[in-house]
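Residue numbers (my numbering), protein chains in the order written: chain A, 225 to 459; chain B, 225 to 459. Note that CB positions come from ideal geometry on N, CA and C, so glycine has one too. Just so it is clear, the structure is predicted and the values come from calculations on it, not from any experiment. Working notes for the structure below.
Number of protein chains: 2
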Amino acid sequence: MAAKSRPTSDAPDASDRVGRIREGVTAAILEHRLLPGTKLGEDEIGEIYGASRTLVRTALQQLAHEGIVSIEKNRGAFVARPTPADAREVFEARRLIEPTIVDHAIDAASPAWFDRLGRHLAEEREAERRGDARASVRLSGEFHKLVAEMSGHSIYLGFLKELIARSSLIILLYRRHDTPACGTDHHAEIVTSIRERDKARARAQMLSHLNEIEAELFLKDPAADELRLADVLGS
Amino acid sequence: MAAKSRPTSDAPDASDRVGRIREGVTAAILEHRLLPGTKLGEDEIGEIYGASRTLVRTALQQLAHEGIVSIEKNRGAFVARPTPADAREVFEARRLIEPTIVDHAIDAASPAWFDRLGRHLAEEREAERRGDARASVRLSGEFHKLVAEMSGHSIYLGFLKELIARSSLIILLYRRHDTPACGTDHHAEIVTSIRERDKARARAQMLSHLNEIEAELFLKDPAADELRLADVLGS
DNA sequence: CGGGCGAGGATTGTATAAAGTTTCGCCTGT
DNA sequence: ACAGGCGAAACTTTATACAATCCTCGCCCG
């Protein structure tokens, strides 16, 4: 009973002010309204949410643990700037974990979950139709979280939340062109496989889905003049 | 950075007081000096470490995120009490991640790492010889963390740290008999496979090692009158 | 005119104090 | 004698004040 089973993706407790701050900042980061490297001043955020610095601080610490905010001692908190190496690690971890998650999700599938999956796909299509790139990225991540919730595996869910948050940041940083269309189709295919309880196909589809997402990225590794400079100075 | 004085879980910066508190409490929990369910009062800990409640609080929040401390609103922090279901999830996650970690460790293996592995095995044998069960459990966990460090995969390392911390708690809660002897041999076998760069064998050995650890546990699931009562009331 | 140096301002880190909530003991009423 | 409620103490939570640190900008010197 260490962790309560929560039906939704995150904690939407209206009374929990720390949670509200965390949610708000997370959403702002994942929807690309806050760019990597942006300073997150404590007073500034506290002013916005009408909260004291104490609460802002705990929220920022939680986000730092999730990997989407980096805290530098005596400097403050900044939106994290994942390196290409980070990106590769994140996607490798996702390729390891998510096929297994789909497996479990199929075991735990029920009509109620099918409903939720269907509704989510509709939401994704709707955002896609509107051309709302921000919502698309957010919903794309939430799809994966939804599958993880289905699996009923709280540890995998926790890990995946972290990976998803970082992934969204990575995608927005390193995406090559604006090609957000293909993702939805993949999701629909995966849902079909889940409905038909075809584990092998679902796993394969999830894997190739992740591979395609990563393939759309431009992970300049030893390139970029600034990066080389920073690397030289850092070593 | 390769040769640190202490290969403990996190950064043991002497100047970082929050880190010291976290290390101290973690060690106390993992060595079974603090039993699950024990209240961790902020004043109490602050007194011990000569720190203000502010610092204690941040340390406890970090430990809560790691899963070895549970914070209940307006109640305080307690040593986490993983359920049998939690235990199964933890070990399943370890069976998924650790074989992959060994794979990467073999890729990154170098003489310096072999040295560290050898020294660690010696430490484990020494603790075993002394019959120091507490040190044995701690070192056993640190072996797995060491392999994860070798892999150079920071995300896997972070995940594994969480899993190891919870595992230690689980083992101390649910172990059947006192059979701490077999672990060390497995570790030595795994190191041998790493030295010989035999990935397949290393993976298999890691997997069976984890299976044996879990097999030594007694995970009473739907038993215990109290548990049933709590379940009924909770739903 | 360029570069080092120091004071000022701003921001974070830490401690302390006020406010709200829970818990435990005690007391009363039946 | 026991159940129920009231009240005080202890704790967590939140806010605010203080101290330390770092960055910026202007000044002085070479």
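{"Item": "Nonlocal neighbours in the same chain, by C-beta distance under 7 Å from A:Ser417, ignoring five residues either side", "Value": "Arg425, Ala426 and Gln429"}
{"Item": "Buried versus exposed, by CB contacts within 10 Å (16 or more), B:Gly407", "Value": "Low local confidence applies: a pLDDT of 48 at B:Gly407 is under 50, so the model's placement there is unreliable, with the coordinate-based value given in what follows. Result: buried."}
{"Item": "Simplified DSSP state of A:Gly342, which is helix, strand or coil", "Value": "helix"}
{"Item": "Sub-8 Å separation of B:Arg461 and B:Gly261 beta-carbons", "Value": "As displayed, chain B neither begins before 225 nor continues past 459, which places residue 461 of chain B out of reach and without an answer."}
{"Item": "Under 8 Å between C-beta atoms of A:Leu473 and A:Arg354", "Value": "Given a span of 225 to 459 for chain A in the structure shown, any question on residue 473 of chain A remains unanswerable."}
{"Item": "Chain B residues whose Cβ lies nearer than 7 Å to that of A:Tyr380", "Value": "Ala317"}
{"Item": "Completely contained alpha helix (DSSP H) runs for the segment 322-385 of chain B, where each covers 4 or more residues", "Value": "335-354 and 357-375"}
{"Item": "Under 8 Å from the C-beta of A:His289: neighbouring residues of chain B", "Value": "Gln286 and His289"}
{"Item": "Own chain partners of B:Glu386 with C-beta closer than 7 Å, once the 5 adjacent residues on each side are dropped", "Value": "Glu290 and Gly291"}
{"Item": "Which of helix, strand or coil DSSP assigns to A:Phe442", "Value": "coil"}
{"Item": "Amino acids of chain A, ordered along the chain, whose beta-carbon sits closer than 9 Å to that of B:His377", "Value": "Glu313, Glu316 and Ala317"}
{"Item": "Nearest neighbour of B:Ala301, chosen from B:Ser392, B:Lys263, B:Val371 and B:Pro308 [CA to CA]", "Value": "B:Lys263"}
{"Item": "A:Glu296 - containing beta strand (DSSP E), residue span", "Value": "Val293 to Glu296"}
{"Item": "Classification of B:Arg362 by the beta-carbon crowding that lies within 10 angstroms, buried from 16 upward", "Value": "buried"}
{"Item": "Minimum C-alpha distance to B:Lys423 - residue among B:Val326, B:Glu296 and B:Ser276", "Value": "B:Val326"}
{"Item": "C-beta neighbour in chain A for B:Leu320, strict 8 Å", "Value": "yes"}
{"Item": "Separation of A:Glu313 from B:Thr324, as counted between CA atoms", "Value": "12 Å"}
{"Item": "Range of the contiguous beta strand (DSSP E) that encloses A:Ala301", "Value": "Gly300 to Val303"}
{"Item": "For B:Arg318 and A:Ile379, the rounded distance between their alpha carbons", "Value": "11 Å"}
{"Item": "CB contact flag (A:Ile321, A:Leu384, <8 Å)", "Value": "yes"}
{"Item": "Assumed close pair B:Glu348, B:His411 - CB separation to whole angstroms, cut-off 8 Å", "Value": "6 Å"}
{"Item": "Interface flag, B:Arg241 vs chain A, CB-CB below 8 Å", "Value": "no"}
{"Item": "Alpha-carbon to alpha-carbon, B:Phe315 and B:Ser391", "Value": "8 Å"}
{"Item": "Start-to-end residues for the alpha helix (DSSP H) that takes in A:Thr282", "Value": "Arg277 to Glu290"}
{"Item": "Cutoff 8 Å: B:Thr282 Cβ touching any chain A Cβ", "Value": "yes"}
{"Item": "Contacting positions in the segment 383-404 of chain B - beta carbon closer than 7 Å to chain A", "Value": "Phe383"}
{"Item": "Nearest candidate by alpha-carbon position, reference A:Glu255, set A:Ile394, A:Lys444, A:Glu420 and A:Leu434", "Value": "A:Ile394"}
{"Item": "C-alpha distance - B:Ala275 paired with B:Leu284, whole-angstrom precision", "Value": "13 Å"}
{"Item": "Residues of its chain near B:Met374, where Cβ-Cβ distance is below 6 Å and the 5 sequence neighbours each way are ignored", "Value": "Ala329, Ala332 and Trp337"}
{"Item": "Cβ-based contacts, 8 Å cut-off: residues of the segment 320-337 of chain A near chain B", "Value": "Leu320, Ile321 and Thr324"}
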